[in-house]
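Here the protein sequences come in this chain order: A and B.
Here this note's numbering runs 283 ahead of the position in the first sequence, where the first position is 1.
Here this note's numbering runs 283 ahead of the position in the second sequence, where the first position is 1.
All remarks here apply to the structure that follows.
Number of protein chains: 2
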Amino acid sequence: MPYLSRPDPDPKPMDCRILTAALKLFVNHGYHNVSVHDVQKLADVSIGSIYKHFGGKEGIAKALHERLLVEMNEMVDSVIAQDLTIIEKCNHIIELLFEYTETRCEIIAFILHANHTEFISSKPPICSAEPFQKIRDMVQLGMDSGEIQSYDCLVAASVIFGGAFRLIHMRLDGLIDRPLPELYDQLIDATWKGMKIEDDSVPQKLASNE
Amino acid sequence: MPYLSRPDPDPKPMDCRILTAALKLFVNHGYHNVSVHDVQKLADVSIGSIYKHFGGKEGIAKALHERLLVEMNEMVDSVIAQDLTIIEKCNHIIELLFEYTETRCEIIAFILHANHTEFISSKPPICSAEPFQKIRDMVQLGMDSGEIQSYDCLVAASVIFGGAFRLIHMRLDGLIDRPLPELYDQLIDATWKGMKIEDDSVPQKLASNE
DNA sequence: TTGACAAAAATGAACATTCATTCTAAATTA
DNA sequence: TAATTTAGAATGAATGTTCATTTTTGTCAA
Numbered sequence: 284m285p286y287l288s289r290p291d292p293d294p295k296p297m298d299c300r301i302l303t304a305a306l307k308l309f310v311n312h313g314y315h316n317v318s319v320h321d322v323q324k325l326a327d328v329s330i331g332s333i334y335k336h337f338g339g340k341e342g343i344a345k346a347l348h349e350r351l352l353v354e355m356n357e358m359v360d361s362v363i364a365q366d367l368t369i370i371e372k373c374n375h376i377i378e379l380l381f382e383y384t385e386t387r388c389e390i391i392a393f394i395l396h397a398n399h400t401e402f403i404s405s406k407p408p409i410c411s412a413e414p415f416q417k418i419r420d421m422v423q424l425g426m427d428s429g430e431i432q433s434y435d436c437l438v439a440a441s442v443i444f445g446g447a448f449r450l451i452h453m454r455l456d457g458l459i460d461r462p463l464p465e466l467y468d469q470l471i472d473a474t475w476k477g478m479k480i481e482d483d484s485v486p487q488k489l490a491s492n493e
Numbered sequence: 284m285p286y287l288s289r290p291d292p293d294p295k296p297m298d299c300r301i302l303t304a305a306l307k308l309f310v311n312h313g314y315h316n317v318s319v320h321d322v323q324k325l326a327d328v329s330i331g332s333i334y335k336h337f338g339g340k341e342g343i344a345k346a347l348h349e350r351l352l353v354e355m356n357e358m359v360d361s362v363i364a365q366d367l368t369i370i371e372k373c374n375h376i377i378e379l380l381f382e383y384t385e386t387r388c389e390i391i392a393f394i395l396h397a398n399h400t401e402f403i404s405s406k407p408p409i410c411s412a413e414p415f416q417k418i419r420d421m422v423q424l425g426m427d428s429g430e431i432q433s434y435d436c437l438v439a440a441s442v443i444f445g446g447a448f449r450l451i452h453m454r455l456d457g458l459i460d461r462p463l464p465e466l467y468d469q470l471i472d473a474t475w476k477g478m479k480i481e482d483d484s485v486p487q488k489l490a491s492n493e
């Protein structure tokens with residue numbers, strides 16, 4: 284071994300290497316199209332190590348699911364803790380999700396795009412996970428305080444965040460070729476103001492009796 | 284074979300039996316968790332027949348994808364052809380999707396919920412399929428004609444339909460236990476009017492002269 | 001500092017199982 | 001009788017998992 288050989292160029296802990304490789308493969312090819320051997324090759328570790336650390340293929344997925352959900356949860360918590368109106372908090376969450384979609388798209392893809400129930404046994408669907416529940420609670424709060432129009436909580440949350448999720452989905456699918464943050468202002472505007480143009484010429488109050 | 288034997292109790296054409304069984308299994312367990320043998324057993328046909336008719340597992344998925352997309356396409360076409368405003372057409376599509384979600388949820392689940400790219404090779408993601416493109420074209424028309432607020436077309440379509448898709452998603456995931464049509468009115472109202480209460484602490488009808 | 005040794009971690013060939021697919025014979029139909 | 005369709009056992013490739021072996025790490029006495 285030569286004196287001047289570089290020190291280990293990739294000293295990251297093994298479990299981290301495995302998870303990083305698995306995340307990339309799962310997101311790009313889908314969980315079921317990735318073999319443990321694929322992960323092993325990309326992570327440059329042995330099969331045995333994977334079984335030592337995670338107990339198997341599903342174990343990798345579970346660990347990823349847990350860690351990424353924690354990250355998402357922290358993000359939501361930090362926004363909720365800020366001193367903002369409910370509407371501003373909602374917007375900020377969307378803003379952060381859009382940024383993540385550009386800079387750490389694999390995380391977003393795994394958390395929002397994948398059908399975990401298809402490969403992680405006995406995990407509830409992602410939208411019933413903690414951070415999503417917290418978001419709905421926040422929306423409910425906004426309705427109680429009169430800041431947001433009152434509807435069934437699930438309807439309200441769906442309307443507020445549905446457009447954002449849809450855009451993220453299409454961006455990940457390659458249907459949108461602009462970075463999402465460029466669309467942020469339009470989305471926020473449309474979501475809160477509504478998509479209808481109030482029949483001009485006629486004053487609002489007259490036109491809106493359905 | 285006895286004289287009085289019942290005539291074939293299930294005279295549906297074989298390919299139809301196969302597709303029906305496959306759809307049910309794919310939606311309930313996920314494509315990759317279903318084996319050809321599972322389909323064969325539920326459809327009560329032989330393995331050979333499946334390969335004769337569809338050429339293999341992926342062939343079944345492709346056929347399902349095609350036929351269901353045709354159905355969806357026809358639905359969209361029929362709505363677009365009606366003599367309605369653009370907004371009414373959008374609403375009607377949502378209304379029909381909600382009905383389908385209750386009465387033919389497997390179709391909706393397969394078309395909207397599944398990641399086809401993960402098991403159908405060389406199929407573009409579903410949101411770039413014909414009916415979805417037609418919907419976006421319709422939205423663009425509404426913006427051009429001044430009926431709908433003008434935004435980037437993808438943003439506009441996402442805001443208008445994002446809430447509905449989100450609710451369908453949650454309904455299929457079991458997070459919503461009421462039939463979606465019960466939420467239709469609220470959703471439509473929220474989508475077009477927007478979620479913000481114009482502050483002023485003034486009664487609703489007066490407060491909305493934006 | 002060196003060497004011996006025990007504990008822990010990593011390795012990867014071998015194994016066992018699953019599952020898509022094939023193929024020939026039997027059944028059905030024309 | 002010929003042609004077509006169906007049946008399902010057999011096949012083999014893919015892949016999740018195990019485990020005996022090797023390598024590394026940490027400890028301590030000389």
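Here a beta-carbon is modelled for each residue, glycine too, at the ideal position from N, C-alpha and C.
From a predicted model like this one, the values you see are computed outputs, not experimental measurements.
Residues that residue i bridges to, as DSSP identifies them
{"i": "K479 of chain B", "result": "A:I431"}
Within chain B, partners of residue i - CB distance below 8 Å
{"i": "N356 of chain A", "result": "Those within 8 Å of N356 of chain A in chain B number zero; the least Cβ separation is about 18 Å."}
{"i": "Y383 of chain A", "result": "None at all; the shortest Cβ gap to chain B is about 18 Å."}
{"i": "I459 of chain A", "result": "L437"}
Integer Cβ distance of residue i from residue j, believed to fall under 8 Å
{"i": "R419 of chain B", "j": "A440 of chain B", "result": "5 Å"}
{"i": "K340 of chain B", "j": "V319 of chain B", "result": "5 Å"}
{"i": "C388 of chain A", "j": "L455 of chain A", "result": "7 Å"}
{"i": "V359 of chain B", "j": "I376 of chain B", "result": "7 Å"}
{"i": "M478 of chain A", "j": "W475 of chain B", "result": "6 Å"}
{"i": "I480 of chain B", "j": "I480 of chain A", "result": "Not really, about 19 Å apart at Cβ, beyond 8 Å."}
{"i": "V328 of chain A", "j": "A305 of chain A", "result": "11 Å between Cβ atoms; not a contact."}
{"i": "N316 of chain A", "j": "E354 of chain B", "result": "About 28 Å; that fails the 8 Å criterion."}
{"i": "F381 of chain A", "j": "Y467 of chain A", "result": "6 Å"}
{"i": "M421 of chain A", "j": "K372 of chain A", "result": "6 Å"}
{"i": "N374 of chain A", "j": "I471 of chain A", "result": "5 Å"}
{"i": "I343 of chain B", "j": "L395 of chain B", "result": "Actually they do not touch by this definition, with Cβ atoms about 19 Å apart."}
{"i": "G445 of chain A", "j": "G457 of chain B", "result": "That pair is no contact at about 18 Å."}
{"i": "I363 of chain A", "j": "K417 of chain A", "result": "7 Å"}
Nearest candidate by alpha-carbon position, reference residue i, set the options
{"i": "S332 of chain B", "options": "B:C410, B:D360, B:N356 and B:R300", "result": "B:R300"}
{"i": "L352 of chain B", "options": "B:H336, B:V442, B:F415 and B:K335", "result": "B:F415"}
{"i": "S433 of chain A", "options": "B:Q469, B:F402, B:P408 and B:E382", "result": "B:Q469"}
{"i": "L463 of chain A", "options": "B:D460, B:I471 and B:L437", "result": "B:L437"}
{"i": "Y314 of chain A", "options": "A:H452, A:R461, A:Q365 and A:A397", "result": "A:A397"}
{"i": "E413 of chain B", "options": "B:S428, B:H348, B:Y383 and B:A326", "result": "B:H348"}
{"i": "N311 of chain B", "options": "B:D435, B:F393 and B:P407", "result": "B:F393"}
{"i": "N356 of chain A", "options": "A:L367, A:I391 and A:D366", "result": "A:I391"}
{"i": "I498 of chain B", "options": "A:A473, A:E378 and A:T368", "result": "The structure shown does not extend to residue 498 of chain B, since chain B spans only 284 to 493, so no value can be given for it."}
{"i": "R350 of chain B", "options": "B:L302, B:G457 and B:P408", "result": "B:L302"}
{"i": "M453 of chain A", "options": "A:L325, A:T384 and A:Q365", "result": "A:T384"}
{"i": "K295 of chain A", "options": "A:K335, A:A326 and A:K307", "result": "A:A326"}
{"i": "R461 of chain A", "options": "B:E465, B:R449, B:R461 and B:D435", "result": "B:D435"}
{"i": "E465 of chain B", "options": "B:S404, B:G429, B:S428 and B:L379", "result": "B:L379"}
Partner residues on chain B for residue i, Cβ-Cβ distance less than 7 Å
{"i": "L466 of chain A", "result": "D435 and V438"}
{"i": "N388 of chain A", "result": "Before going further, note that residue 388 of chain A is Cys rather than Asn in the sequence given. None at all; the shortest Cβ gap to chain B is about 15 Å."}
Under 8 Å from the C-beta of residue i: neighbouring residues of chain A
{"i": "Q365 of chain B", "result": "Those within 8 Å of Q365 of chain B in chain A number zero; the least Cβ separation is about 19 Å."}
{"i": "N374 of chain B", "result": "Residues of chain A passing the Cβ test: none, with the nearest at roughly 11 Å."}
{"i": "I474 of chain B", "result": "In the sequence as presented, Ile is not what sits at residue 474 of chain B; that position holds Thr. Those are V442, G477 and M478, listed as they occur along chain A."}
Interface partners of residue i on chain A, CB under 7 Å
{"i": "C299 of chain B", "result": "Within chain A, no residue comes near C299 of chain B; the closest Cβ sits about 26 Å away, beyond 7 Å."}
{"i": "E430 of chain B", "result": "I480"}
{"i": "C469 of chain B", "result": "Per the sequence shown, residue 469 of chain B should be read as Gln rather than Cys. Neighbours of Q469 of chain B on chain A, chain order: Y434, D435 and V438."}
{"i": "I370 of chain B", "result": "K479"}
Where residue i meets chain A, residues with beta-carbon distance less than 9 Å
{"i": "D456 of chain B", "result": "T400, P407, P408, I409, C410 and S411"}
{"i": "F448 of chain B", "result": "S441, G445, F448, R449 and H452"}
{"i": "G339 of chain B", "result": "Chain A residues near G339 of chain B: none, gap ~16 Å exceeds 9 Å."}
Residue i Cβ short of 7 Å to the ligand COA heavy atom set
{"i": "R449 of chain A", "result": "What this structure holds is no ligand at all, so the ligand COA is not there to describe."}
Listed by chain order, chain B residues near residue i by CB distance under 9 Å
{"i": "H315 of chain A", "result": "G313, Y314, H315, N316, E401 and F402"}
- Along the chain, which unbroken stretches of the alpha helix (DSSP H) at least 4 residues long are found entirely within the region 392–429 of chain A? 413–427
Q.
Quick check on the DSSP output: what are the complete alpha helix (DSSP H) runs of length 4 or more inside the region 335–397 of chain A, in order along the chain?
A. 340–364, 369–386 and 388–391
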